[in-house]
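Scroll down for the structure; my scribbles are underneath it.
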Amino acid sequence: MKKGTRKIIRTGTIITIAALLGITLYLNLRDGTQTVNVGDEAVDFKLETLSGEEIQLSQITDEKGVILNFWGTWCKPCREEMPDMNQVYNEGHEDYEIIAVNVSENNQQIEQFLSGLSENLDYPIALDKNRSVTKAYNIGPLPTTIAINKEGTVVKKQEYQLTKEDIYTFIDESLE
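Now the structure itself:
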């Protein structure tokens, strides 16, 4: 191959790579996805529960603090924290609500997972089938838990597994 032809091919390759890199950066930066942080207004949503009911966050936060717990059936820490959440929930939840938000799994997977737990869960399981709520909150690792107060403000957020003490702290923060 001639020197001139090689130079043209190299230059064309470099320009193509630079253009693709630029397009990728542009598309990623203009996405507008932001992490919901403590102090931010909670993103309202409406989801169907495993039992077929419809829940809307803003209707619940009108009366109660809310704990959102994003989880998946494959997540071992999720499996470990759910019984603790259920025990705390059953101690009394007049002033707060715990909602377990499953991230895009089918009902059969969820039912199989729940049947493997040591006890039945009494708090609602919301189904985020198309990941719209997960994306709105920019949830990364599971489990991730978010506390929202009655004014609809995010007051606490934690990635990874909660201890029983952490659950009480989330509840206290959602009530302030």
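In terms of my numbering, the sequence shown opens at residue 13 and continues consecutively. For each residue, glycine too, the CB sits at the ideal point set by N, CA and C.
Burial state of residue i (16 or more Cβ within 10 Å)
{"i": "T146", "result": "buried"}
{"i": "K168", "result": "buried"}
{"i": "V100", "result": "buried"}
{"i": "L129", "result": "exposed"}
{"i": "Y172", "result": "exposed"}
Alpha-carbon spacing of residue i relative to residue j, whole angstroms
{"i": "K176", "j": "S144", "result": "29 Å"}
{"i": "N118", "j": "I26", "result": "45 Å"}
{"i": "D43", "j": "A148", "result": "The predicted position of D43 is uncertain, since its pLDDT is 46 and thus under 50; no value can be drawn from it."}
Per-residue DSSP class, three states only, for residue i
{"i": "A159", "result": "strand"}
{"i": "K88", "result": "helix"}
{"i": "L59", "result": "strand"}
{"i": "G16", "result": "helix"}
{"i": "Q170", "result": "strand"}
{"i": "L133", "result": "coil"}
For residue i: DSSP bridge partner residues
{"i": "F82", "result": "V113 and T156"}
{"i": "D140", "result": "V115"}
{"i": "T165", "result": "E53"}
{"i": "I67", "result": "L59"}
{"i": "Y108", "result": "G77"}
Contacting residues, own chain, Cβ-Cβ under 6 Å from residue i (five flanking each side not counted)
{"i": "E185", "result": "A159, V167 and K168"}
{"i": "Y108", "result": "K76, G77, I183 and S186"}
Residues of its chain near residue i, where Cβ-Cβ distance is below 7 Å and the 5 sequence neighbours each way are ignored
{"i": "E131", "result": "P95 and N98"}
{"i": "L126", "result": "L133"}
CB contact below 8 Å: residue i versus chain C
{"i": "T17", "result": "No chain C is present in this structure, which holds just one protein chain."}
Residue i beta carbon near the ligand ATP (any heavy atom closer than 7 Å)
{"i": "L62", "result": "As for the ligand ATP, it is missing from this structure, which has no ligand bound."}
Own chain, CB closer than 8 Å to residue i, minus 5 neighbours either side, in chain order
{"i": "N102", "result": "D134"}
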